[in-house]
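**Q** Below you will find the structure I want to go over with you.
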Amino acid sequence: MQRPTPGSTLRTGGFWRPNLTARACGAIAIAVLLLAVALPLVALFYRSLIRDGALSLGNYIDVFSATRNYQPIWDTLVLGFWSMIVAAALGVPLAWLVARTDLPGRRFLEIVCLLPYMLPPLIGAMAWTQLLAPRAGYINQLWMSLMGTRTPLFNIYSFGGMVMVMGFYTFPFVFLAVRGALERMNPSLEEAARICGARSARVARDITVPLVIPSIAAGMMLAFLYTASNFGVPALLGMRARIYVLTTRIYAYVLQGDMAGIQLATSLSVVLLALAGLLILGNRWILRRQHGAAIISGKSVRPTRVELGRFRYPLAAVVHLFMALTTMSPIVALFITSFLKAWGLPLQASNLTLRNYQYILFEFPLTRTAILNSLILAVASATAAVLLGAALAYIVVKAKVRGRQAVDALVTFPNAIPGTVLALAMILAWSGRYGVNLYNTFGILIVAYLAHYTFYAYRNIAASLVQVHPSMEEAARISGAGLFRTLRDVVFPLIRPGLTAGWLLVFAPTLRELTMSILLYGPYTPTIGVALFDLQDAGYFHIASALAAVLVVVILVTNMVMRKIVGARTTAA
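Below, the structure written as structure tokens:
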């Protein structure tokens, strides 16, 4: 039997101890991570404490001395609170119906519930504008025509409109968390309650719901965090009504274009970062104290399905109709508007055209450039994230180096940081102050995307690496293969589905990203998200709808491909 070649790795405890080359590659990956994540955040915090070239709390004093900054903080908290209430009100019952009842069409309902999770809230805000714009929205037009009034049924440009849209686009967080808990729940307690004569409603109230409260709370916390860090919905719906939240106030300060504005923006960003940190800690505290852990486990269980009896079909009709109205109808309205010659025209055959698609794809310089830029950025960011995520995942999962928990935390944390905060941190770190100027270039966008989205590639690849038994690498090493040949011929082929799924998970959100791009794009680097925001904000709703429709198709196709890849990987495992 051939001995391992000199310079290869030695086995320790079932894993390979990395040699010098592996350590060098690992050091480079960690250095890239530090430069992309740690340096910008340190620069942000440091700049928030600098005033007139000296350390000072003056920026924070100015922020909290200006009464106009109190309202955005309060509105952020209120918007997050009501959005998570709407998310829970929708997500909990829908999860129960899908996971625990014999409701007809459960699988289709599950797909419909996940649709808002796939699409960005920016497109959701645009879609609901088509229905509930005060004068030209289709629902408001129908209402005013039927009632003979000039008063719209609902004005989407309001705080209530923001709550509604964010609630509809964050309820999947609660739905996914609760559905997972319900499917893993040991049914013994519920069966005992039924044996004692309890009806289904009482079992759900006294047994099922209390056991999944930690999952409900965790989903609600994620919905709150997602709402607090969102820019697109408050910008499109709130700014028109002069309603500001922290993300849009930070954006307004940056647009001032002077150092005073940047200083105030950095201070507000630290406030938003602190809020996000508290929410993350709260979510972890809830999960650690999950009192249902004793009866929710990883064992294969089959909870008893609740028979809805005579309410089965009427309830199915109501639920499916409601989801069609709240989830499907806005997207349908978006597509209809994309074919109109002008926004607000009646829905007649003579007013429909394909000209909007021709215009955005082949004629309008902004959208042509934005589409090309977003494709380049998405491909480059996804590729870089997979390379970096694979290196870091191998270090954490296989090499078992010291400090791997810190590496894992450093990859995970930026994903929870609001995009507005991360974008401002990138501006402060990569605008020439530290010797590298990436401002107004593709470089700063790629670094921001890499910092924010590497988490998706890293998690997916790490999950694939866990499934690769060490004996596969041992066999290659014993046969004389070096580290890189082992990776190329053994490891990468085995984790190829995870690599592909990780690539797609980064590609999809970077293709339509807005929150960071709106602060980082330059004259020659507009993105699809920026173009959508500019067109919608300028009132070119029919042109923006055409661009959004193209993006929706691309996102849905990408998600279908990813689901097939993940499903194939699960089956193979």
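Sequential numbering of the sequence shown, starting at 1, is according to this note's numbering. Virtual Cβ for every residue (Gly too), placed ideally from N, Cα, C.
1. Under the rule that 16 or more other beta-carbon atoms within 10 Å means buried, what is H542, buried or exposed?
2. Tell me the start and end of each unbroken alpha helix (DSSP H) in the stretch 378-464 that is at least 4 residues and wholly inside, in chain order.
3. Can you tell which of P418, F455 and Y458 has the C-alpha that lies nearest to the C-alpha of Y226?
4. Straight-line CA distance for M562 to G180?
5. Thinking C-beta only, is A177 closer than 7 Å to A218?
6. Does I50 come out as helix, strand or coil in the three-state DSSP assignment?
7. For P40, count the other beta carbons within 10 Å of its own beta carbon; 16 or more makes it buried, fewer makes it exposed. Which is it?
8. Drop a sphere of 10 angstroms on the beta-carbon of V163, count the other beta-carbons inside from all chains shown, and report buried for 16 or more, exposed for fewer.
9. Use the C-beta contact count for I195: other C-beta atoms within 10 angstroms, 16 or more gives buried, fewer gives exposed.
10. Please confirm whether T420 and I250 have their CB atoms less than 7 Å apart.
11. Fully enclosed by the stretch 65-89, which alpha helix (DSSP H) runs are 4 residues long or longer?
12. Rounded C-beta distance between T486 and R477? I'm assuming under 8 Å.
13. Take V203 as the anchor and find which of V112, V332, E307 and Y253 has the nearest alpha-carbon.
14. Are the stretch 434-447 and the stretch 241-259 in contact at 8 Å, needing three or more beta carbon pairs?
15. Using the beta-carbon count (16 or more within 10 Å), is S517 buried or exposed?
16. Do the stretch 153-161 and the stretch 362-375 meet, that is, are 3 or more Cβ pairs less than 8 Å apart?
17. Identify the residues that DSSP records as bridge partners of L340: which are they?
18. Taking only three categories from DSSP, how would you classify V306?
19. Which residue comes first and which comes last in the alpha helix (DSSP H) that contains D534?
20. For S229, tell me which candidate among I123, L246 and M221 has the shortest Cα-Cα distance.
21. At a Cβ threshold of 7 Å, is V386 touching chain D?
22. Start and end of the alpha helix (DSSP H) containing L505?
23. Between the Cα of Y540 and those of E110, M166, A136 and R205, spot the shortest distance and give me the residue it belongs to.
24. Looking only at DSSP bridge pairs, what is T101 linked to?
25. I'd like to know whether the C-beta atoms of S545 and S338 end up nearer to each other than 7 Å.
26. Between P414, K341 and S215, which has its C-alpha nearest R284's C-alpha?
27. Excluding the 5 residues preceding and the 5 following S329 in the sequence, name in chain order all residues of the same chain whose CB lies nearer than 8 Å to its CB.
28. With DSSP collapsed to three states, give me the class of L236.
29. Beta carbon of V411, beta carbon of F455: below 7 Å?
30. Where does I555 land, buried or exposed, given buried means 16+ other C-beta within 10 angstroms?
31. Check for me: the alpha helix (DSSP H) holding I250 runs from which residue to which?
32. In the DSSP assignment, find the alpha helix (DSSP H) that holds N140 and state where it starts and stops.
33. Taking the C-alpha atoms as reference points, what is the distance between M334 and M185?
34. Could you pull out every residue in the same chain whose Cβ sits closer than 8 Å to the Cβ of V473, ignoring the five residues on either side in sequence?
35. With distances taken from CA atoms, which of F173, A133 and N155 is nearest V92?
36. With distances taken between CB atoms, is the gap from V386 to L499 smaller than 7 Å?
**A** Quick look at the numbers:
1. buried
2. 404-416 and 419-429
3. P418
4. 20 Å
5. yes
6. strand
7. buried
8. buried
9. exposed
10. yes
11. none
12. 6 Å
13. E307
14. no
15. buried
16. no
17. L352
18. strand
19. I528 to A538
20. L246
21. Here there is only one protein chain, and chain D is not present.
22. R496 to L511
23. A136
24. V306
25. yes
26. S215
27. L131
28. helix
29. yes
30. buried
31. L246 to L255
32. Y138 to M147
33. Residue identity differs from the one stated: residue 334 is Leu in this sequence, not Met. So the alpha carbons of these two residues sit roughly 40 Å apart.
34. Looking at the sequence shown, residue 473 is not Val but Glu. Once the five neighbours on either side are set aside, the close Cβ partners of E473 are W16, K398, T486, V490 and V491.
35. F173
36. yes
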